[in-house]
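Trainee:
Numbering (my numbering), first residue to last: 3 to 183.
Here it is, written out as structure tokens:
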């Protein structure tokens, strides 16, 4: 809900959008005049684009920051199988590896995507075998789904970049500017 009639949207904002914003602000003003207890929670991915009239109506503003290292470790444990294999040594390592160190600045959605992509690597190998040996009658005997390896996860971490890191400074600046907590 960007500023009404200003900024980049001044000429392109549709009249119905302006009316909807005005009506929302009027309804928010009406909430304070009742004896009912109303708790209103709103969220925005781009708080710096919010209408200042809207911001004034919210008493508290909270920045939900990127995940801590401990939270990231928990997400990796949740999204990856309980064991991850180190290829060369034949040693089974548990998924409490220091992926959080490699994923500094990643959001929860980023970590989930990393884990999904790492899980797809063994499947891609199976698909490659199926394409190569599609006419072989013994095909079913040679296909084996490998475990997710440390290399799979590290490879994906090197290719998928953090979506939250780019805006982190802007979020912090916005929170300082409109801080009320």
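By construction, the Cβ of each residue, glycine as well, lies at the ideal position given by its N, Cα and C atoms.
Predicted model only: the values in this text are computed from it and were never measured.
In its own chain, which residues sit with a C-beta less than 8 Å from the C-beta of residue 159, not counting the 5 before and 5 after it?
Mentor: If you number the chain shown from 1, residue 159 lands on position 157. 101, 104, 105, 116.
Trainee: Is residue 76 helix, strand or coil when you go by DSSP?
Mentor: Within the chain shown, the letter at position 74 stands for residue 76. If DSSP states are grouped into helix, strand and coil, residue 76 belongs with the helices.
Trainee: State the Cα-Cα distance for the pair residue 63 and residue 156, rounded to the nearest angstrom.
Mentor: Residue 63 sits at position 61 when you count from the first residue of the chain shown. Residue 156 sits at position 154 when you count from the first residue of the chain shown. Cα-Cα distance, rounded: 36 Å.
Trainee: How about residue 124 and residue 152: are their beta carbons less than 8 Å apart?
Mentor: Here residue 124 corresponds to residue number 122 of the chain shown, with the count starting at 1. Here residue 152 corresponds to residue number 150 of the chain shown, with the count starting at 1. No, they are not a contact pair.
Trainee: Assign residue 31 to one of three DSSP states: helix, strand, or coil.
Mentor: Looking up residue 31 in the chain shown gives position 29. Helix at residue 31.
Trainee: Is the segment 127-138 touching the segment 72-80, taking contact as three or more C-beta pairs under 8 Å?
Mentor: Counting Cβ pairs under 8 Å, fewer than three are found: no touch.
Trainee: For residue 23, count the other beta carbons within 10 Å of its own beta carbon; 16 or more makes it buried, fewer makes it exposed. Which is it?
Mentor: In the chain shown, counting from the first residue as 1, residue 23 sits at position 21. Result: buried.
Trainee: Does the Cβ-Cβ distance between residue 52 and residue 170 come in under 8 Å?
Mentor: Taking the chain shown and counting its residues from 1, one reaches residue 52 at position 50. Taking the chain shown and counting its residues from 1, one reaches residue 170 at position 168. For residue 52 and residue 170, no; Cβs fall outside 8 Å.
Trainee: For my contact list, residue 146 and residue 108 are in at a C-beta cut-off of 8 Å; report their separation, rounded to the angstrom.
Mentor: Here residue 146 refers to the residue found at position 144 of the chain shown. Here residue 108 refers to the residue found at position 106 of the chain shown. Between residue 108 and residue 146 the Cβ distance is about 31 Å, and since that is not below 8 Å, they are no contact.
Trainee: Note down the Cα distance separating residue 128 from residue 31, rounded to an integer number of angstroms.
Mentor: Translated into positions along the chain shown, residue 128 becomes position 126. Translated into positions along the chain shown, residue 31 becomes position 29. Using only the alpha carbons, I get a separation of about 60 Å.
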